[in-house]
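**Student:** So the sequence lines, in the order shown, correspond to chains A and B. Take the first sequence: its position 150, counting from 1, is numbered 150 in UniProt numbering, and each next residue is one higher. Take the second sequence: its position 148, counting from 1, is numbered 148 in UniProt numbering, and each next residue is one higher.
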Amino acid sequence: MATGSGAAAAAADAEEKESGSRMITLTSNEGKAFVVTEASARQSATIRSMVDDGGCVDKGFPLPNVDSKTLARVIQYCDEHGNKEAHTVDERAALAKFDKDFIAELDADKAFLYDVTMAANYLHIQGLFALTTQCIADTIKGKTPEEIRTAFGIEYDLTAQDEEEIKEEDTHA
Amino acid sequence: MGCMLPSPQRACPGAPPPSLPPAEDLLFEILLRLPPDPDCLHRAALVCRRWRRLIHGQAFLPRFRAFHRTPPVLGFYHNSRAVGPSFVALAAPAGAGPSLVFGDGDWSLLGCRHGRVLLRSGPGWLQLLVWDPVTGHRSCVRLGRLAGHVRACNAAVLGHQDTRRDGSFRVAFVFTGEGRASACLYSSETAAWGRLITAGTARCGDVGTKPSALAGDALYWVLDDGDILELDMGKETLAVVEPPPPDALTLYGRSSIQLMASPDGALGLAVMDVFSLQLWAREADGVASTSSWVLRKSIDLDVFVPMPLPCAGGRVILVPPVRLLGVDEGGISAFIWTIEGIFMLHLEDEMLMKKVAASRMVDFVYPYSSFYVAGDGGLGSSAGTGMLKIVLVVKVKMMVQFMEVDGCRIFGLQRCSRIGYASALLSPMSNSIALY
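1) Here's the rule I'm using: 16 or more other beta-carbon atoms within 10 Å means buried, otherwise exposed. How should residue 274 of chain B be labelled?
2) Would you call residue 67 of chain B buried or exposed, if buried means 16 or more other Cβ atoms sit within 10 Å of its Cβ?
3) Determine the closest residue to residue 87 of chain B out of B:65, B:64, B:117 and B:63, with distance taken between C-alpha atoms.
4) Residues of chain B with CB closer than 8 Å to the CB of residue 156 of chain A, please, in chain order.
5) Looking at the unbroken alpha helix (DSSP H) that takes in residue 145 of chain A, where does it start and where does it end?
6) To the nearest angstrom, report how far apart residue 238 of chain B and residue 54 of chain A are at their CA atoms.
7) With distance defined between alpha-carbon atoms, name the residue in B:278, B:285, B:292 and B:304 nearest to residue 298 of chain B.
8) Name the one or two DSSP bridge partners that residue 344 of chain B has.
9) Within the chosen definition, does the segment 151–158 of chain B reach the segment 202–218 of chain B through at least 3 CB pairs nearer than 8 Å?
10) Does the Cβ-Cβ distance between residue 231 of chain B and residue 191 of chain B come in under 9 Å?
11) Give the straight-line distance between the Cα atoms of residue 111 of chain A and residue 150 of chain A, rounded to the nearest whole angstrom.
12) Does chain B have any CB closer than 9 Å to the CB of residue 62 of chain A?
13) By how many angstroms is the C-alpha of residue 44 of chain A removed from the C-alpha of residue 366 of chain B?
14) Strictly below 7 Å CB to CB, what residues from chain B border residue 152 of chain A?
15) For residue 128 of chain A, I'd like the list of residues in its chain whose CB is within less than 6 Å of its CB, leaving aside the five on either flank, ordered along the chain.
16) What are the boundary residues of the alpha helix (DSSP H) that includes residue 135 of chain A?
17) Counting only Cβ pairs nearer than 8 Å, list the residues of chain A close to residue 34 of chain B.
18) Shortest alpha-carbon distance to residue 27 of chain B belongs to which of A:85, A:69, A:132 and A:102?
19) Here's the rule: buried if 16 or more other CB atoms are within 10 angstroms of the residue's CB, otherwise exposed. What is residue 398 of chain B?
20) Quick check on the DSSP output: the alpha helix (DSSP H) that includes residue 69 of chain A runs from which residue to which?
21) Measuring only between beta-carbons, confirm whether residue 159 of chain A sits less than 9 Å from chain B.
22) If we cut at 9 Å on Cβ distances, does residue 65 of chain B have a partner in chain A?
23) Just the chain B side, please: which residues come within less than 9 Å of residue 50 of chain A by C-beta, in chain order?
24) Quick one: using the 10 Å Cβ neighbour count with 16 as the cut-off for buried, is residue 87 of chain A buried or exposed?
25) Are the Cβ atoms of residue 34 of chain A and residue 72 of chain A separated by less than 9 Å?
26) For residue 89 of chain B, which residues of its own chain have a beta-carbon under 6 Å away from its beta-carbon, when the five flanking residues on both sides are left out?
27) Residue 73 of chain B and residue 344 of chain B: beta carbons closer than 9 Å?
28) Listing by chain order, which chain B residues have their CB less than 8 Å from the CB of residue 77 of chain A?
29) Cα separation between residue 189 of chain B and residue 325 of chain B?
30) Please classify residue 157 of chain A as buried or exposed, where buried requires at least 16 neighbouring CB atoms within 10 angstroms.
31) Can you name, in chain order, every residue of its own chain whose Cβ lies under 6 Å from the Cβ of residue 168 of chain A, other than the five neighbours on each side?
32) How far does the alpha helix (DSSP H) with residue 110 of chain A in it reach, from first residue to last?
33) Can you grab the Cα-Cα spacing for the pair residue 135 of chain A / residue 79 of chain A, in whole Å?
34) Mind listing which residues of the segment 84–113 of chain A have their C-beta closer than 7 Å to chain E's C-betas, in chain order?
35) Provide the residue span of the alpha helix (DSSP H) that contains residue 282 of chain B, from first to last.
36) Going by DSSP in three states, residue 143 of chain B sits in which element: helix, strand or coil?
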């Protein structure tokens with residue numbers, strides 16, 4: 001963006017750079033381009049380090065590991081946290097409310113929740129990663145091992161030796 | 001981490017649930033976020049081999065503890081003169097959690113740390129009791145005969161942070177008299193007291209009755225002359241360190257100082273100045289390896305200043321000021337006595353207060369924190385989770401050993417509790433100190 005010539009454009013460019021309001025293009029693995037503010041993109045430590053290393057801001061960043069649907073949702077989170085202030089109590093409360101609604105919606109579609117978690121891990125978006133992993137952990141707590149297996153589609157693969165060990169632990173009660 | 005695998009299934013009614021992504025680091029991060037309740041971890045470890053391997057792996061428990069860092073303050077103990085040690089819970093337990101009430105009135109409280117409560121037999125200093133309210137387990141640690149010159153004693157309990165073995169603990173015992181200070185460390189792993197540690201200082205005051213503070217690898221107690229006694233457990237040295245600033249001492253009075261751990265790990269102290277709580281910290285002065293006390297924060301408690309009475313009879317009504325009752329082991333919250341009742345004050349947020357009890361005349365309280373009692377009473381049902389079971393087994397074995405080795409000597413000690421002069425410790429086979 002803003003690659004025009006002339007002093008005015010250069011000044012505007014410098015000013016934008018200063019305020020972190022450059023625009024950055026992120027491309028999903030399906031080739032779809034998403035234009036976001038730099039402040040939003042900087043929520044990702046992966047992108048932040050590429051930008052700070054003087055990387056190819058103008059060319060944009062291809063993200064071969066993230067599909068369009070997931071990227072759109074990740075950007076929704078980054079926009080909210082990157083573009084909004086969190087100085088006052090009210091602002092922080094508004095962000096907390098956003099997080100709550102955001103994760104509640106994701107939680108309804110587990111496969112999508114996992115995709116977003118993987119993307120947050122890949123892009124190193126700390127806040128989003130903490131939010132989604134905590135949500136998954138909350139699903140585990142309060143469940144029996146059998147219920148956990150059912151909820152996560154895990155096969156029972158404990159060997160006779162494992163079972164023996166478990167029995168051993170239990171008899172120490 | 002690696003590539004994003006396309007999810008095999010999308011949520012639709014009747015379809016099998018989507019599988020968790022296979023990435024190991026991701027699962028590790030998820031399991032870290034399970035609540036700090038051993039029951040929950042135990043069940044997760046029974047899910048499949050992969051989960052079991054991760055949870056039982058060496059890396060997991062240290063990371064799990066680091067992630068959850070500060071256990072919640074569950075309430076506080078106090079030495080009520082009438083009924084013995086009492087517990088005041090911050091919240092009524094929902095469900096059948098373990099009873100945190102100590103049922104035996106013959107013991108007095110000395111302090112709480114790392115989930116354990118330390119008590120001493122009364123009257124006198126004959127034996128110490130390390131009690132884990134969550135597992136219910138008690139370990140007796142016997143003290144030897146105290147020398148005739150000993151005028152004051154105090155003790156502290158702490159977990160074995162370095163080895164991170166569950167269930168093991170250390171006890172530090174300090175005693176002073178005639179200007180001398182000595183200390184001894186007991187380890188439950190060896191079931192024996194270590195060597196006698198004596199302060200090299202020329203003369204020092206007597207150790208006070210307030211609970212110790214743990215900062216770094218050292219324990220600190222206030223002495224009655226306002227100095228601070230430091231027991232470095234790594235180096236096994238005992239020394240008198242920089243006292244609080246003299247103006248602070250004269251302003252507040254020596255008895256009102258409460259040592260605490262600052263959240264950043266430095267030694268701190270809290271002191272009440274009429275209606276304001278002052279928090280100091282002992283900060284290192286760069287390269288000079290000296291330290292000085294810095295006032296970090298002053299928390300205004302004007303809200304407890306009584307309204308001036310409209311009646312003009314010339315009568316002065318004395319209102320007791322706010323008193324500091326205790327600070328929790330993490331330096332997170334303080335308990336204060338006011339005419340309205342006992343309040344818990346969050347030190348970081350400064351004004352987050354919660355009334356936890358009606359006004360009682362207690363001198364100070366011993367806040368108790370532990371991981372293993374979830375608000376949902378999770379532990380009550382977990383009377384046999386893996387982690388807790390192992391703890392119990394270790395401790396029961398130790399208890400048996402105590403009884404075999406030392407069971408009959410308690411009466412002997414009671415009969416001749418006043419002897420000689422402090423100098424030596426006994427054989428490593430014994431778990432008691434002998435001071436001649």
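Even for Gly, the Cβ is constructed at its ideal location relative to N, Cα and C.
**Tutor:** In short:
1) exposed
2) exposed
3) B:117
4) 48
5) 145–152
6) 55 Å
7) B:278
8) B:335 and B:354
9) yes
10) no
11) 14 Å
12) no
13) 44 Å
14) 17, 19 and 20
15) 77 and 120
16) 126–140
17) 137, 140 and 141
18) A:132
19) Low confidence applies here, because residue 398 of chain B scores a pLDDT of 23, under 50, leaving its location unreliable; read the following figure in that light. Looking at its Cβ environment, which holds 16 or more other Cβ atoms inside 10 Å, residue 398 of chain B is buried.
20) 68–83
21) yes
22) no
23) By Cβ distance, chain B contributes nothing, its closest Cβ being about 17 Å from residue 50 of chain A, past 9 Å.
24) exposed
25) yes
26) 75
27) yes
28) Result: empty, since nearest Cβ-Cβ is about 17 Å, beyond 8 Å.
29) 33 Å
30) exposed
31) none
32) 110–122
33) 21 Å
34) Absence of chain E from the displayed structure is noted, the protein chains being A and B.
35) It is not in any alpha helix (DSSP H) - residue 282 of chain B instead sits in the beta strand (DSSP E) that spans 276–284.
36) coil
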